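Novice: Keeping their order, the protein sequence lines are chains A and B.
If you're matching positions, the first sequence starts at 1 in the UniProt record's numbering and goes up one per residue.
If you're matching positions, the second sequence starts at 1 in the UniProt record's numbering and goes up one per residue.
Idealized CB from N, CA, C, for every residue including glycine.
Remember, it's a predicted structure, so these values are computed and weren't measured experimentally.
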Amino acid sequence: MINHFKAEFYKLRHSKILITILGVCAAVIMVSFALGDMTFFGAGDGTESVIGFQAKCYLSSEIPTFQTVARSSLAYTAFFWIIGILFATIFFTKEYNTGTIKLSVAYGTKRTILYYTKAITILVVSLITYLIFVATFFVIEIIQSGYIPTASEVINLLGWALACGTVLLALESISIFLCVVIQNTGIVTGICCLYVFSGASVYLMLWSDMETVSIPLKFFVYGNPMYYWMNFSSCRTMGIIEHLPFYFIGCISLLIVGGLIMIRKEIK
Amino acid sequence: MNVTVFEAINITKKYRNTLALNQVSMSVMQGDIYGFIGENGAGKTTMIRLLTGLAEPTTGKIALFGESNKKLAKQRERIGCIIESPSLYLDMTAYENLEVQRLQRGIPGKGCIDNALALVGLKDTGKKKAKDFSLGMRQRLALAIALLGNPEFLVLDEPINGLDPTGIIELRNLLKRLNKERGITILISSHILTELHQLANRYGILHEGKLLQEITATELDKRCKKHLLLQVNDVAAASVLLESKLNTSNFSVMPDKSIHLYDYVENAGKVSALLSANNITIYQLAQSGDSLETYYTNLIGGCQND
């Protein structure tokens, strides 16, 4: 299995995928400089109940708070999820598109090993890149606002980032599962993007009445990355974080189902 | 001892309503260059896909180096293959493509990469990416990948596709050399029958999912050799006459009681006169002999004319 990990990282280093992903991340960071204040949030009675995307929105630029710095650092997470979907899908389906998966199977490699080494590589690289992505925004925010965070605040931010990272892993598990079933980069990316963006609009419509909505709609919202992003990125975890393990385990189960399909499915 | 490298026993492969392979049994022996012949859709690639584990047979059994079922995957480590089209990472160089495969298969030492590239004539491609290679170069790179790790059995599905005439000659010589010097057993499928004729020592002829015939090159040459085809009422008497009066033993009596006479091909009149003078009735006397193409076409029931 170690051989396969080595091969996967070699592929990453020597193909354009990783450079492209890093380039897109850099572009998002540059865009954040260009656009300045950005908000996209649901209606509420006050600042505390606002959910959504809030980058560089300081209540007072003279006295910045940790919450506003952290919120700005996490604001672009949803962009990274789209990057994550693209990365997972392209890196996974590439083996099918080039036919190289056929060689691996023909040389006696177990399909489960092929599948899980690729999936784990995608998940690990995505999580690390995401944490670097958030850290970069955090550093930029600190420099721009002049706010000096304490160690406990940094740990707090790391906690929120890891929570968002868990959502990223769950989302990528779904896209890897779809890759095994559909094997088409365009269709898988399309489905995943639709799932993410529809989550944003549905949640914004329902968020103030979540207790009264029907169970399927609740499932859709709690099983959607946007639900977590809009809350975590607003530094709200109470009443939200408890849904995350179910979402994560559900998506990891899909990843395992993908492995079982991979064993049985004919490779074309 | 003649060892079976690959054996298919009563293999049937069904895709929904299509029967891709129908009760096919075949075997490739150690040291063979086995030419797999068949038209498009005959089932050649399907058989290769079953051999390499990309698909499972509906019924029947596959064995590699005498092992089957759960031990089959382990035996696949001993093969090298090109399946359908060259499987390459197009945004990588030739060297990088081989390095990925080397890492994945746990082959120690990077020296094998240079050796494989030199063997197929791709040592000087430098930083050129595989996407900028011609189809012929891609085929060669795929062959280099197949040769990585010194396989005992090479499975090549249409490896001649895209090669120019020089490339075809080079590939033919390379495969012959690998077979002779390293003792690598080769299964090669191709539409280009003249090319297979110069390479293979055994043939399997597949048509509409059925294996019509397995034949050695010697036997095929015998069947294809230009000869006089004789059908007479008394085969034994005719044979004695050919030996005693025409001083030739260069003929074969076939299972259908016809005689294939390899001498006097251009002098059929003399043979006819001799047999008639000795009261042997001639039912048929004709020049015969096929190329591999004609033999194959006749075997599968001829070409369709417009």
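With 7 Å as the threshold, decide whether the Cβ of Arg76 (chain B) is near any Cβ in chain A.
Specialist: Counted from its first residue, the second sequence places residue 76 (chain B) at position 76. Yes, its Cβ sits closer than 7 Å to a Cβ of chain A.
Novice: Just to confirm my understanding: we take Ile160 (chain B), look at its own chain, exclude 5 residues before and 5 after, and list those with CB closer than 7 Å. What are they?
Specialist: By one-based count along the second sequence, residue 160 (chain B) stands at place 160. Only Ile168, Leu171, Ser190, Ile192, Glu195 meet the Cβ criterion.
Novice: Just reading off the alpha helix (DSSP H) that Val196 (chain A) is part of, what are its end residues?
Specialist: The residue you call residue 196 (chain A) lines up with position 196 of the first sequence. Judged by DSSP secondary structure, Val196 (chain A) falls within the alpha helix (DSSP H) whose first and last residues are 185-206.
Novice: Secondary structure at Asn10 (chain B), three-state DSSP: helix, strand or coil?
Specialist: Working through the second sequence from its first residue, we reach residue 10 (chain B) at position 10. In this structure, Asn10 (chain B) counts as strand in the three-state DSSP scheme.
Novice: Closest Cβ-Cβ distance between Ser15 (chain A) and chain B: below 7 Å?
Specialist: Your numbering for residue 15 (chain A) matches position 15 in the first sequence. Chain B, which has a Cβ nearer than 7 Å to the Cβ of Ser15 (chain A), makes this yes.
Novice: Which runs of the alpha helix (DSSP H) at least 4 residues long sit entirely within the segment 220-292 of chain B? Give them in chain order.
Specialist: 235-245, 268-277
Novice: Would you say Thr100 (chain A) lies against chain B (beta-carbon separation less than 7 Å)?
Specialist: Walking along the first sequence from the start, residue 100 (chain A) turns up at place 100. Interface residue, yes.
Novice: For Ser189 (chain B), write down the residues that DSSP places opposite it in a beta bridge.
Specialist: Stepping through the second sequence from its first residue, residue 189 (chain B) is reached at position 189. Paired residues: B:Phe36, B:Asp157.
Novice: Just the C-alpha distance for Gly162 (chain B) and Ala286 (chain B), rounded to the nearest angstrom, thanks.
Specialist: By 1-based counting over the second sequence, the position of residue 162 (chain B) is 162. By 1-based counting over the second sequence, the position of residue 286 (chain B) is 286. Distance between Gly162 (chain B) and Ala286 (chain B), taken at the CA atoms: about 40 Å.
Novice: Can the beta-carbon of Leu72 (chain B) be found closer than 7 Å to that of Phe6 (chain B)?
Specialist: Taking the first residue of the second sequence as 1, we reach residue 72 (chain B) at position 72. Taking the first residue of the second sequence as 1, we reach residue 6 (chain B) at position 6. Going by C-beta atoms, Leu72 (chain B) is not nearer than 7 Å to Phe6 (chain B).
Novice: Quick one: residues in its chain with C-beta nearer than 6 Å to the C-beta of Gly209 (chain B), no 5 flanking neighbours on either side, listed in chain order?
Specialist: Stepping through the second sequence from its first residue, residue 209 (chain B) is reached at position 209. Only Leu19, Ala20, Leu21, Asn22, Gly43 meet the Cβ criterion.
Novice: What are the complete beta strand (DSSP E) segments, minimum 3 residues, inside the segment 122-170 of chain A?
Specialist: none
Novice: Counting C-beta neighbours from all protein chains within 10 Å, is the total for Ile113 (chain A) 16 or more, i.e. buried, or is it exposed?
Specialist: By 1-based counting over the first sequence, the position of residue 113 (chain A) is 113. Label assigned to Ile113 (chain A): exposed.
Novice: How far does the alpha helix (DSSP H) with His7 (chain A) in it reach, from first residue to last?
Specialist: Against the first sequence, residue 7 (chain A) aligns to sequence position 7. Here residue 7 (chain A) turns out to be Ala, not His, going by the sequence shown. Where Ala7 (chain A) is concerned, the enclosing alpha helix (DSSP H) stretches over 2-14.
Novice: Out of A:Ile90, A:Ile256, A:Ile182, which has the shortest C-alpha to C-alpha gap to Glu266 (chain A)?
Specialist: On the first sequence, residue 266 (chain A) is found 266 positions in, with the first residue counted as 1. When each option's Cα is compared against that of Glu266 (chain A), the closest is A:Ile182.
Novice: Give the DSSP-derived three-state secondary structure of Asp306 (chain B) in the structure shown.
Specialist: In the second sequence, counting from the first residue as 1, residue 306 (chain B) sits at position 306. Model confidence at Asp306 (chain B) stands at a pLDDT of 35, short of 50, so the residue's coordinates are unreliable; what they give is reported in the following sentence. Three-state result, Asp306 (chain B): coil.
Novice: When the Cα atoms are used, what is the spatial distance from Leu229 (chain B) to Glu214 (chain B)?
Specialist: By one-based count along the second sequence, residue 229 (chain B) stands at place 229. By one-based count along the second sequence, residue 214 (chain B) stands at place 214. Answer to the nearest angstrom: the Cα atoms are 23 Å apart.
Novice: Return the bridge partner residues of residue 307 (chain B) from the DSSP annotation.
Specialist: Since the first residue of chain B shown is 1 and the last is 306, residue 307 (chain B) is not available in this structure.
Novice: Compare the C-beta of Leu103 (chain A) with all C-beta atoms of chain B and state if any pair is closer than 7 Å.
Specialist: For the purposes of this step, residue 103 (chain A) is taken as the residue at position 103 of the first sequence. Chain B contact via Cβ: present.
Novice: Would you identify the three-state DSSP class for residue 339 (chain B), choosing helix, strand or coil?
Specialist: Residue 339 (chain B) is absent from the structure shown; chain B starts at 1 and stops at 306.
Novice: Is the segment 27-35 of chain B in contact with the segment 174-191 of chain B, if contact means three or more CB pairs nearer than 8 Å?
Specialist: yes
Novice: At 7 Å on the CB atoms, spell out the chain B contacts of Ala119 (chain A), in chain order.
Specialist: Counting from 1 along the first sequence, the entry for residue 119 (chain A) is found at position 119. In chain order: nothing, as chain B lies at least about 16 Å away.
Novice: Opposite Leu260 (chain A) in the DSSP bridges: which residues?
Specialist: Against the first sequence, residue 260 (chain A) aligns to sequence position 260. Paired residues: none, contrary to the question.
Novice: Would you call the CB atoms of Thr117 (chain A) and Val188 (chain A) closer than 7 Å?
Specialist: Along the first sequence, one-based indexing puts residue 117 (chain A) at 117. Along the first sequence, one-based indexing puts residue 188 (chain A) at 188. Going by C-beta atoms, Thr117 (chain A) is not nearer than 7 Å to Val188 (chain A).
Novice: According to DSSP, is Lys254 (chain A) part of a helix, a strand, or is it coil?
Specialist: For the purposes of this step, residue 254 (chain A) is identified with residue 254 of the first sequence, where counting begins at 1. A small correction: the amino acid at residue 254 (chain A) is Leu; Lys does not occupy that position in the sequence shown. DSSP places Leu254 (chain A) in helix when its eight states are reduced to three.
Novice: For chain B, is any of its Cβ atoms less than 7 Å away from the one on His4 (chain A)?
Specialist: Within the first sequence, the letter at position 4 stands for residue 4 (chain A). At least one chain B Cβ lies under 7 Å of His4 (chain A).
Novice: Please classify Thr59 (chain B) as buried or exposed, where buried requires at least 16 neighbouring CB atoms within 10 angstroms.
Specialist: Taking the second sequence and counting its residues from 1, the one referred to as residue 59 (chain B) is at position 59. Thr59 (chain B) counts as exposed, since fewer than 16 other C-beta atoms from the protein chains shown sit within 10 angstroms of its C-beta.
Novice: Sorry if obvious, but does the Cβ on Cys192 (chain A) come closer than 6 Å to a heavy atom of the ligand NAP?
Specialist: You won't find the ligand NAP in this model; it holds no ligand whatsoever.
Novice: Strictly under 7 Å for the Cβ-Cβ distance: is Asp221 (chain B) near chain A by that measure?
Specialist: Here the question's residue 221 (chain B) lines up with position 221 in the second sequence. Taking a beta-carbon distance threshold of 7 Å, Asp221 (chain B) does not count as an interface residue toward chain A.
Novice: Select from the segment 96-123 of chain B all residues with a C-beta closer than 8 Å to any C-beta belonging to chain A, and list them in chain order.
Specialist: Correct list: Glu96, Glu99, Val100, Gln101, Leu103, Gln104, Arg105, Gly106.
Novice: With a Cβ-Cβ cutoff of 7 Å, do Ile85 (chain A) and Cys192 (chain A) count as a contact?
Specialist: Working through the first sequence from its first residue, we reach residue 85 (chain A) at position 85. Working through the first sequence from its first residue, we reach residue 192 (chain A) at position 192. Yes, they are a contact pair.
Novice: So is Lys94 (chain A) buried or exposed if we call it buried at 16+ other beta carbons inside 10 Å?
Specialist: Numbered from 1 along the first sequence, position 94 holds the residue referred to as residue 94 (chain A). Lys94 (chain A) comes out buried.
Novice: So Tyr34 (chain B) contacts chain A; which residues on that side make the cut at Cβ distance below 9 Å?
Specialist: Position 34 of the second sequence, counting from 1, holds the residue named residue 34 (chain B). Within 9 Å Cβ-Cβ: nothing; Tyr34 (chain B) doesn't reach chain A, min ~17 Å.
Novice: Looking at C-alpha atoms only, which residue of B:Cys224, B:Lys270, B:Ser85, B:Lys131 is the closest neighbour of Thr297 (chain B)?
Specialist: Against the second sequence, residue 297 (chain B) aligns to sequence position 297. Considering only alpha carbons, the answer is B:Cys224.
Novice: Quick one: list the residues of chain A neighbouring Ser189 (chain B), beta-carbon separation under 7 Å, in chain order.
Specialist: Position 189 of the second sequence, counting from 1, holds the residue named residue 189 (chain B). Residues of chain A passing the Cβ test: none, with the nearest at roughly 15 Å.
Novice: Could one say the Cβ of Lys11 (chain A) lies closer than 7 Å to chain B's Cβ atoms, at least one of them?
Specialist: On the first sequence, position 11 is the one that residue 11 (chain A) refers to. For Lys11 (chain A), the answer is yes, since a Cβ of chain B falls inside 7 Å of its Cβ.
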